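Top line first, the protein sequences correspond to chains Z and U. Just so you know, we're using the numbering used here here: the first sequence kicks off at -13 and counts up by one. Just so you know, we're using the numbering used here here: the second sequence kicks off at 3 and counts up by one. Glycine included, each C-beta is placed from N, C-alpha and C at the ideal position. Fair warning: this is a prediction, and the values are worked out from it, not measured in the lab. Heads up, the thing below is written out as structure tokens.
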Amino acid sequence: MTLPDDREAIFGRVRAALTPLPERAAMPDYDTEIAVVRKLLANRDLFAVFTERIKLVNGEALTDPA
Amino acid sequence: MRFQQIDQFAAHLKADTRASVYQSTKLTHEKRTKMLFDQFADPNRMRAIAGEIKQHAIENLDTYLPAVEAKLQANGAHVHWAADGETACQQVLAIMRAHGATKMVKAKTMVSEEIELAEFLGKHGIEALETDLGEFIIQIDHDHPSHIIRPIIHKNRREVAESFEKNGLGAYNDEPEVITRRARQFLRHKYLEAQVGLTGANFVSAESGRIVLVTNEGNSRFCLAANKVHIALIGIEKIVPRDRDLALLLNLLARSGTAQQLTVYTEFISGPKSPTQPDGPEEMHVIFLDNGRTEVLATECRDILRCIRCGACLNVCPVYRQASGHAYRSVYPGPVGAVLSPLLMGDNFAEKADLPKASSLCGACQEVCPVNIPIPDMLLRLRDKAKQEHVSSPGTPPMGAWGLLASQPAAWKAALIGGKLINHIPTKMLPIPALRAWEQKRTLPAWRGGEFRKWLKQHRKEKSS
């Protein structure tokens, strides 16, 4: 199967668009903890939260590994 | 006076469509705000970081595109590159033909709307069926989406029921549950009949080559379950640097788009099925589409490529709420569309140069944007571009007289003094017909011209003494 392919053209355009930038945006240094819903979970038993949520989708939280 | 196209569209919009769009967007926006601010300590910091991640990704595409290509290939996928919509359509067609395929199921992909893939395949005898319920309704109605994530926000259930009846999907019944069951019954057969499944992607990780798809109906999963071939059609701006960045972006995407903690289905696709897996596509093709994106990358409006298509800016926009999505004449409506659509037009910018003017520049779009895109700034840049390129602007009041006054200090001073006379003329007698309708409902504020000059004079006096 031979497909038309514009790889080099696209890569060339990307380079041409980015080369004139005096500086590139840096990758931010951040803690992924920022995306954890701490406020929602504050002062709550995590197992109880999980059980409650799993019940909402008709699931069952197993309490006994056996 | 001639009006902007968007004004004309809004003026003729059905009242119940306007009400439905307004209610739905307002409710989602309120839920989104409550959910973000109730659950996270600093949602605005999250938005800022997400914006920086995406900005970094787009400003380093020359590194990330080859990286993601290598990862995808290592994962067993075939990678193709399409400079424009026509090439992408031809690539999809070639893959279909190579497999003798005549039927395709699609999970919602805005890029395929952008390049009008279904119409193209239809002309070549291939059925490309939408499987997202909203998109399916759009397809059988020969309509167009009017919202980024709620394509039928402009329709009510009665219209949908009529459409189902007209298209042989059962007698009229406007119960949402019945409508959904009927669509499901119809689509289940189609999933099994199709040979190829086509999806878009919400994100692609350059680190792992994982394609991330979010849906609420599970239709993308069905598209991939029974078919032997998976084609992913993806804009080149969808790259994120690392898998760990997805935690932040997915949390923001679902809350901003549909006010959910997470969408019901979040899929991470690493490649075609491995020999040990019982099901899944045996072949995976990823088509990366440019279609004007590299031109946008070369402009000062490149920040718009951060967009993760959540639709939050549409939900909060006072213009979108009044005009609805079709007024924007593009797959991408609302504030993001007012920036992106004219830019993607390339040399035909003038055709959509009116869209950036469809804004009060209130700034609400940036305040809710999960990747903090400075949309108002870009609207201004595009207005300037239209001015520089002498694109006519119907509905704009003549500014020649103002320009003359503003450039002649003496004339300006005289006008300010003369303006005070207006305070002594009854509003009804003001010789400005264009203001009459406005004045019927509002009181013209008193003329206060010259206050700044007075303040500056006083300020200078105080400073020198």
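Residue i, DSSP secondary structure in three states
| i | result |
| --- | --- |
| U:E32 | helix |
| U:S343 | helix |
| U:E132 | strand |
| U:F290 | strand |
| U:H232 | strand |
| U:F270 | strand |
| U:I155 | coil |
| U:V214 | strand |
| U:V333 | coil |
| U:I424 | helix |
| U:E297 | helix |
| U:I150 | coil |
| U:E302 | coil |
| U:V242 | strand |
| Z:G45 | coil |
| Z:G(-2) | helix |
| U:G365 | coil |
| U:G402 | helix |
| U:E285 | strand |
| U:G220 | coil |
| U:G259 | helix |
| U:G348 | helix |
Beta carbon proximity, residue i to chain U, threshold 7 Å
| i | result |
| --- | --- |
| Z:I40 | no |
| Z:R30 | no |
| Z:T18 | yes |
| Z:P(-10) | yes |
| Z:P8 | no |
| Z:V35 | no |
| Z:V0 | yes |
| Z:V43 | no |
| Z:L4 | yes |
| Z:A52 | no |
| Z:A47 | no |
Cβ-based neighbour list, residue i, same chain, cut-off 8 Å, excluding 5 preceding and 5 following
| i | result |
| --- | --- |
| U:S362 | P320 and V321 |
| U:H58 | P243 |
| U:A127 | Looking at the sequence itself, residue 127 of chain U is Gly, so the reference to Ala does not match. Cβ neighbours of U:G127 beyond the five flanking positions: T104. |
| U:V266 | T217, N218, E219 and G220 |
| U:H328 | F11, H146, S148, H156 and P335 |
Beta-carbon contacts of residue i that lie in its chain and below 7 Å, excluding the five residues immediately before and after
| i | result |
| --- | --- |
| U:F5 | P396 and G397 |
| U:P45 | L38 and F39 |
| U:E88 | none |
| U:F2 | The question about residue 2 of chain U has no answer here: the residues shown for chain U are numbered 3 through 467. |
| U:A417 | L407 |
Contact with chain Z by residue i, beta-carbon distance below 7 Å
| i | result |
| --- | --- |
| U:E61 | yes |
| U:T89 | yes |
| U:A208 | no |
| U:R246 | yes |
| U:Q92 | yes |
Residues near residue i in its chain [Cβ-Cβ closer than 6 Å; skip 5 each side]
| i | result |
| --- | --- |
| U:E116 | V333 |
| U:I139 | I154 and V162 |
Residue i CB to nearest heavy atom of the ligand NAD below 6 Å
| i | result |
| --- | --- |
| Z:F33 | As for the ligand NAD, it is missing from this structure, which has no ligand bound. |
Uninterrupted beta strand (DSSP E) stretches inside the segment 52 to 135 of chain U (no shorter than 3 residues): If one requires a minimum length of 3 residues, the beta strand (DSSP E) runs lying completely within the segment 52 to 135 of chain U are 80 to 84, 105 to 108 and 129 to 132, in chain order.
Whole runs of the beta strand (DSSP E) within the segment 153 to 210 of chain U, excluding any shorter than 3 residues: List check, beta strand (DSSP E) in window: 198 to 201 and 205 to 207.
Interfacial residues, the segment 336 to 354 of chain U to chain Z, with Cβ spacing under 7 Å: Those residues of the segment 336 to 354 of chain U that come within reach of chain Z (Cβ to Cβ, closer than 7 Å) do not exist; the list is empty.
Short-range partners of chain Z found in the segment 289 to 317 of chain U, where Cβ spacing is below 7 Å: Interface annotation for the segment 289 to 317 of chain U against chain Z: D292, T296, L299 and A300, criterion Cβ-Cβ distance under 7 Å.
Residues of the segment 51 to 77 of chain U whose Cβ lies closer than 7 Å to any Cβ of chain Z, in chain order: For the segment 51 to 77 of chain U, which is checked against every Cβ of chain Z, the residues closer than 7 Å are I51, E54, I55, Q57, H58, E61, N62, L63, D64 and L67.
Residues, ordered as in the chain, of the segment 248 to 271 of chain U that lie near chain Z by beta-carbon distance below 7 Å: Result list: A249, L250 and N253.
Those runs of the beta strand (DSSP E) which lie wholly inside the segment 428 to 458 of chain U and span at least 3 residues: Segments of the beta strand (DSSP E) lying fully in the segment 428 to 458 of chain U: there are none.
Uninterrupted alpha helix (DSSP H) stretches inside the segment 0 to 39 of chain Z (no shorter than 4 residues): Runs of the alpha helix (DSSP H) spanning 4 or more residues and lying entirely within the segment 0 to 39 of chain Z occur at 24 to 27, in chain order.
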